[in-house]
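The working numbering puts the first residue of the sequence shown at 1, with every later residue one more than the last. This report refers to the structure that appears directly beneath it.
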Amino acid sequence: MTYENILIFISNHIMKSTRRDFIKIAAVGAGGLATSGGLFSWARANFFEEVPNAPGMTRTPTYCEICFWKCAGWVYKNEKGEIQKIIGNDEDPHCNGRLCPRGTGGVGMYYDEDRLKTPLVRRTVNGKQVFEPASWDEALDVVAQNLKKVAKEHGPECVALFTHGSGGKFFGDLLKAFGSENITAPSFAQCRGPREVAFLSTFGEIIASPERTDIRDTRCLVLIGSHIGENMHNGQVQEMSDAIDNGATIITVDPRYSTAASKSKYWLPIKPSTDIALLLAWINVIINEEWYDKKYVEKYCYGLEELKNHVKTFTPEWAYGITTIRPDVIYETAREMANASPAVIIHPGRHVTWYGDDTQRLRAVAILNALLGSWGRRGGFYSPEKKDLPSYPHPEFPKPKRTWRDAHPGKYNLALEVVSNDICDSTIPSPDRACNFKAWIVNGTNLIFTLPDQKKTLEAIQSLEFMVVIDTMPMEITGYADVVLPECTYLERYDYCRTDQHREPNIALRMPAAEPKYDSKPAWWIAKKLASKLDLDEYFKWNDIEELLDWQLKKVGTSLEEMKKVGVKKFPREYDDLYFYDDQEIQFNTNTGKIELYSTDLAAEGFVPMPVYTPHEEPQTGFYRLNYGRSPVHTFSRTANNPNLTDLMDENVLWVNPKVAKEWSLKAGQKIWLENQDGVLSTFPIKVRITERIRFDSVYMVHGFGHAEKRLTRSYGKGVSDTELITNVKTDPIMGGTGMRSNFVTFHVEDPHRKEVES
Ligand SMILES: Nc1nc2c(c(=O)[nH]1)N[C@H]1C(S)=C(S)[C@@H](COP(=O)(O)OP(=O)(O)OC[C@H]3O[C@@H](n4cnc5c(=O)[nH]c(N)nc54)[C@H](O)[C@@H]3O)O[C@H]1N2
Ligand SMILES: Nc1nc2c(c(=O)[nH]1)N[C@H]1C(S)=C(S)[C@@H](COP(=O)(O)OP(=O)(O)OC[C@H]3O[C@@H](n4cnc5c(=O)[nH]c(N)nc54)[C@H](O)[C@@H]3O)O[C@H]1N2
Ligand code: SF4
Ligand SMILES: [Mo]
Numbered sequence: 001m002t003y004e005n006i007l008i009f010i011s012n013h014i015m016k017s018t019r020r021d022f023i024k025i026a027a028v029g030a031g032g033l034a035t036s037g038g039l040f041s042w043a044r045a046n047f048f049e050e051v052p053n054a055p056g057m058t059r060t061p062t063y064c065e066i067c068f069w070k071c072a073g074w075v076y077k078n079e080k081g082e083i084q085k086i087i088g089n090d091e092d093p094h095c096n097g098r099l100c101p102r103g104t105g106g107v108g109m110y111y112d113e114d115r116l117k118t119p120l121v122r123r124t125v126n127g128k129q130v131f132e133p134a135s136w137d138e139a140l141d142v143v144a145q146n147l148k149k150v151a152k153e154h155g156p157e158c159v160a161l162f163t164h165g166s167g168g169k170f171f172g173d174l175l176k177a178f179g180s181e182n183i184t185a186p187s188f189a190q191c192r193g194p195r196e197v198a199f200l201s202t203f204g205e206i207i208a209s210p211e212r213t214d215i216r217d218t219r220c221l222v223l224i225g226s227h228i229g230e231n232m233h234n235g236q237v238q239e240m241s242d243a244i245d246n247g248a249t250i251i252t253v254d255p256r257y258s259t260a261a262s263k264s265k266y267w268l269p270i271k272p273s274t275d276i277a278l279l280l281a282w283i284n285v286i287i288n289e290e291w292y293d294k295k296y297v298e299k300y301c302y303g304l305e306e307l308k309n310h311v312k313t314f315t316p317e318w319a320y321g322i323t324t325i326r327p328d329v330i331y332e333t334a335r336e337m338a339n340a341s342p343a344v345i346i347h348p349g350r351h352v353t354w355y356g357d358d359t360q361r362l363r364a365v366a367i368l369n370a371l372l373g374s375w376g377r378r379g380g381f382y383s384p385e386k387k388d389l390p391s392y393p394h395p396e397f398p399k400p401k402r403t404w405r406d407a408h409p410g411k412y413n414l415a416l417e418v419v420s421n422d423i424c425d426s427t428i429p430s431p432d433r434a435c436n437f438k439a440w441i442v443n444g445t446n447l448i449f450t451l452p453d454q455k456k457t458l459e460a461i462q463s464l465e466f467m468v469v470i471d472t473m474p475m476e477i478t479g480y481a482d483v484v485l486p487e488c489t490y491l492e493r494y495d496y497c498r499t500d501q502h503r504e505p506n507i508a509l510r511m512p513a514a515e516p517k518y519d520s521k522p523a524w525w526i527a528k529k530l531a532s533k534l535d536l537d538e539y540f541k542w543n544d545i546e547e548l549l550d551w552q553l554k555k556v557g558t559s560l561e562e563m564k565k566v567g568v569k570k571f572p573r574e575y576d577d578l579y580f581y582d583d584q585e586i587q588f589n590t591n592t593g594k595i596e597l598y599s600t601d602l603a604a605e606g607f608v609p610m611p612v613y614t615p616h617e618e619p620q621t622g623f624y625r626l627n628y629g630r631s632p633v634h635t636f637s638r639t640a641n642n643p644n645l646t647d648l649m650d651e652n653v654l655w656v657n658p659k660v661a662k663e664w665s666l667k668a669g670q671k672i673w674l675e676n677q678d679g680v681l682s683t684f685p686i687k688v689r690i691t692e693r694i695r696f697d698s699v700y701m702v703h704g705f706g707h708a709e710k711r712l713t714r715s716y717g718k719g720v721s722d723t724e725l726i727t728n729v730k731t732d733p734i735m736g737g738t739g740m741r742s743n744f745v746t747f748h749v750e751d752p753h754r755k756e757v758e759s
């Protein structure tokens with residue numbers, strides 16, 4: 001099955017019909033798997049079938065690590081103890097018993113023969129640097145010695161942890177015990193940071209994950225570059241499918257004809273980078289026509305008069321000239337939202353670091369939701385709850401003398417998490433920054449593909465005295481490490497329980513379904529052993545993870561034994577406040593105690609308190625805006641080598657408008673190379689896909705391909721990496737996020753690298 005067919009299938013089936021079809025896409029995928037044969041045929045038999053009923057099958061609970069929706073499931077093994085398949089847990093509110101194709105394909109991560117197999121230590125042999133296999137004891141000794149050396153010479157605060165994924169909590173605790181709080185995840189400044197800062201400054205609360213969007217009961221869902229359906233965050237896809245069945249109106253604002261757009265009543269093919277103008281025009285119409293929820297706004301909101309004045313000139317006619325969306329369409333879609341109010345969601349999106357004014361764009365989204373009274377209302381945004389598990393007793397962490405903020409006092413005060421790219425910047429010695437990081441611990445994040453501006457990432461890495469990488473695969477980042485530690489996959493380990501928010505508080509257990517393959521180890525084990533070598537045993541007083549988990553679980557009235565049987569356990573809500581009740585008195589967690597249409601936080605920091613539109617860079621002649629997004633069957637760069645998922649899609653393609661293809665005489669399937677505005681060439685070529693679904697001023701590709709690491713045998717050289725072409729980064733002055741969508745590419749029909757060699 002080609003990628004195109006997968007998209008068409010998803011478009012025709014999942015998004016428009018009942019939940020059962022969610023399994024169906026997977027079933028069609030199985031057809032593709034069955035025909036390709038080869039090394040992994042063991043896993044393919046009935047790969048995507050429902051609950052296995054063969055005799056001798058046993059199951060253990062897990063939650064998925066293929067993406068951060070963390071669906072809970074059951075791992076089935078045959079009587080030989082071989083992992084056969086993973087199936088959703090019916091009790092789990094994240095997935096309702098159905099995994100997405102990636103989650104089902106998670107088995108491939110366990111069986112991938114390219115996995116990291118043993119600890120590796122960088123050594124110089126005969127003048128050449130090589131990785132030598134080492135025992136865990138040796139490798140952890142090297143790590144401990146180097147971290148101690150950095151702490152002694154520069155202070156423990158000069159160590160930073162980059163982490164994305166479950167093991168992060170163990171390494172985070174280790175770093176805090178060591179004396180540093182510089183713990184950062186790319187899911188903030190490369191992902192959802194701007195929306196969290198915008199919603200916090202408007203409503204006094206963040207969105208968090210899974211999103212508190214009440215899509216299930218909405219009457220109108222507005223998606224602004226949020227491509228649910230290709231973005232396969234499971235519960236949202238299911239709820240959106242239900243909402244469509246129930247007659248909800250979908251409005252999709254996307255320069256590309258996305259899967260979501262194809263299921264929408266209104267598709268607004270906006271000119272890229274102009275969304276703030278559209279949002280301001282919608283606010284203008286809703287205020288002028290008095291379509292806002294007057295009672296709600298009067299009772300709960302601060303700054304309506306200021307907002308009224310602010311948007312006076314931002315008419316649909318004004319926005320038309322900027323966005324190319326016709327005034328009557330802007331008016332009509334505003335009407336649709338108002339008709340559905342308060343059961344309407346202007347979706348806050350997730351990967352929202354686009355143009356550098358992203359917090360302001362998300363503020364406009366938040367304001368629109370406030371005017372329509374959707375925050376705290378059924379079909380809008382509900383109030384989530386979570387069941388927190390207590391921390392195992394340990395001495396208080398030492399107070400660090402410095403944090404990442406000391407590099408540049410006063411900057412990014414509204415950032416509520418550590419900014420990854422800022423740590424990277426502060427690692428490169430410079431006269432205008434006080435803090436230089438000297439060592440990085442990198443766990444579960446392929447920074448080479450994740451942070452834009454690769455040259456800078458590499459410069460920072462070269463400036464380090466020491467870097468240890470904990471990963472499951474020989475990803476690009478491991479190639480730059482001094483020590484590489486192989487973690488076992490999520491199917492072979494315990495982690496902390498999942499305690500994420502939802503309508504009902506719930507916890508999910510992950511336990512090993514099999515012994516770790518090769519010489520790989522779980523994060524908890526690595527962190528505890530390293531703690532011991534750093535003389536920090538007292539912070540990891542539990543003997544093993546089972547003791548730790550059981551202690552935590554018993555504190556909330558369950559146990560490891562019970563969790564092993566059920567996998568997911570729900571708890572009653574502590575407060576009966578999923579939605580606001582009529583005339584409820586509410587003190588919002590903002591400076592004014594109200595929902596702030598006018599942001600006092602932004603004003604205090606010297607930023608405009610209400611969003612304005614500013615034009616962004618445009619492509620030069622012969623260049624096209626580089627647009628990127630998700631494939632329904634892959635996650636970032638982490639699945640590009642997964643044997644099961646590469647069978648479904650093994651490279652990305654470049655979406656090119658037919659007009660552009662004609663101008664360049666490009667044929668479908670032709671391989672071309674790309675060059676960006678700064679003269680950076682793509683390492684590999686990419687196949688052309690000619691389609692009306694992309695505008696003439698842009699091209700589009702899925703993120704996560706174009707691996708240049710040869711140890712990734714299945715994905716090496718397949719497609720192009722969007723990251724290597726993202727060199728123009730627009731940093732959000734409010735929270736430090738990296739806007740990545742002001743990059744432009746032109747085409748080479750012949751290999752430009754060959755020319756380089758010849759000349
Ligand atoms: N150019 C570009 N950059 C982007 C994005 C984009 O679309 N385009 N998206 C941004 C967004 S939204 C996000 S959230 C980030 C995501 O950023 P990352 O999470 O860094 O993305 P991945 O590329 O999947 O890298 C994950 C790494 O974790 C490893 N890994 C997987 N499972 C495990 C495990 O169980 N244990 C350990 N120790 N390691 C594991 C993988 O092998 C891989 O090296 O990227 C951001 N950066
Ligand atoms: N299958 C799969 N699902 C995933 C992931 C994955 O790796 N694989 N990753 C998960 C993660 S961590 C995240 S953060 C989310 C990301 O997913 P989302 O937050 O839903 O979306 P983005 O990746 O930001 O956006 C991609 C869409 O924005 C459109 N777009 C580009 N420029 C503009 C513009 O100027 N204006 C507008 N209105 N639209 C524009 C693109 O055409 C594309 O359709 O996906 C999550 N779900
Ligand atoms: S959405 Fe898919 S990949 Fe993500 S956690 Fe759920 S099953 Fe796994
Ligand atoms: Mo993300």
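For each residue, glycine too, the CB sits at the ideal point set by N, CA and C.
> Would you call the stretch 146-163 and the stretch 318-330 in contact, with 3 or more CB pairs under 8 Å?
Replying inline: no
> Based on Cα-Cα distance, which residue from P390, H408, K528 and I270 lies nearest to T499?
Replying inline: P390
> Quick one: what does DSSP say W354 is sitting in, helix, strand or coil?
Replying inline: coil
> Taking the continuous beta strand (DSSP E) assigned at E220, which residues delimit it?
Replying inline: Looking at the sequence shown, residue 220 is not Glu but Cys. It spans C220 to I224 - the beta strand (DSSP E) in which C220 sits, taken as one unbroken run.
>> Taking the beta carbon of R754 as the centre, do at least 16 other beta carbons fall within 10 Å, making it buried, or is it exposed?
In response: exposed
>> Does the beta-carbon of Y490, which I'm using as the reference point, lie nearer than 8 Å to any heavy atom of ligand 1?
In response: yes
> Can you give the beta carbon distance from G567 to A508, rounded, assuming they're within the 8 Å contact cut?
Replying inline: 6 Å
>> Excluding the 5 residues flanking N743 on each side, which residues of the same chain have their C-beta closer than 8 Å to its C-beta?
In response: R625, L626, N676, Q677, L725, I726, T727 and N728
> According to the Cβ coordinates, are Q360 and P615 closer than 9 Å?
Replying inline: no
> Out of D357, I283 and G155, which has the shortest C-alpha to C-alpha gap to T403?
Replying inline: G155
> I think P93 touches E504, with their Cβ atoms under 8 Å apart; what is that distance to the nearest whole Å?
Replying inline: 6 Å
> What is the rounded straight-line gap between the Cα of V720 and the Cα of P474?
Replying inline: 18 Å
>> Quick check on this structure: which residue in T249, L221 and G247 has the alpha carbon closest to the alpha carbon of Q236?
In response: L221
>> Cutting at 7 Å between CB atoms, please list the residues of its own chain near G105, excluding the five before and the five after it.
In response: N642, N644 and L645
> Three-state secondary structure (DSSP) at E205?
Replying inline: coil
>> Buried or exposed for D21, going by 16 or more other Cβ atoms inside 10 Å?
In response: For D21, the pLDDT reaches just 29, beneath the cut-off of 50, and the residue's location in the model is therefore unreliable, although a value from the coordinates is still provided. By the neighbour-count rule (16 or more Cβ atoms within 10 Å), D21 is buried.
>> Using a Cβ-Cβ cutoff of less than 8 Å, which residues in the same chain neighbour Y716 once the five nearest sequence positions on both sides are dropped?
In response: H707, A708, E709 and K710
> Tell me, which residues are paired with W69 by DSSP?
Replying inline: In the DSSP output, where bridge partners are listed per residue, W69 has none listed.
> For the candidate residues P733, T731 and V702, whose alpha-carbon lies nearest to that of K718?
Replying inline: V702
> For A173, does the count of other Cβ atoms within 10 angstroms reach 16, so buried, or fall short, so exposed?
Replying inline: For clarity, residue 173 is Asp in the given sequence; the question names Ala instead. Label assigned to D173: buried.
> Under 9 Å between the Cβ atoms of G349 and R195?
Replying inline: yes
> Are L371 and D601 closer than 9 Å when you measure CB to CB?
Replying inline: no
>> Just to confirm the assignment: which complete alpha helix (DSSP H) runs, minimum length 4, are found wholly within the stretch 542-608?
In response: 545-555, 560-566 and 600-604
> Does ligand 3 have even one heavy atom less than 8 Å from the beta-carbon of F588?
Replying inline: no
> When you compare each of W74, T62 and F68 to P760 by their alpha carbons, which one comes out closest?
Replying inline: Here the chain comprises residues numbered 1 to 759, so residue 760 is not present and cannot be evaluated.
> Between the stretch 376-385 and the stretch 165-179, do three or more beta carbon pairs fall short of 8 Å?
Replying inline: no
> Out of S430, E585, N78 and N339, which has the shortest C-alpha to C-alpha gap to Y296?
Replying inline: E585
> Considering M337, what are the terminal residues of the alpha helix (DSSP H) in which it resides?
Replying inline: P327 to A340
> Looking at the structure shown, is P698 part of a helix, part of a strand, or coil, going by DSSP?
Replying inline: Before going on, a small fix: residue 698 reads as Ser here, not Pro. Reduced to three states, the DSSP call for S698 is strand.
>> Assuming N421 and A189 are in contact, meaning their beta carbons sit under 8 Å apart, how far apart are those beta carbons, in whole angstroms?
In response: 6 Å
> Going by the beta-carbon positions, is the gap between I270 and F314 smaller than 9 Å?
Replying inline: no
> Can you name, in chain order, every residue of its own chain whose Cβ lies under 6 Å from the Cβ of T713, other than the five neighbours on each side?
Replying inline: D114
> To the nearest angstrom, how far is it from the Cα of Y355 to the Cα of M740?
Replying inline: 6 Å
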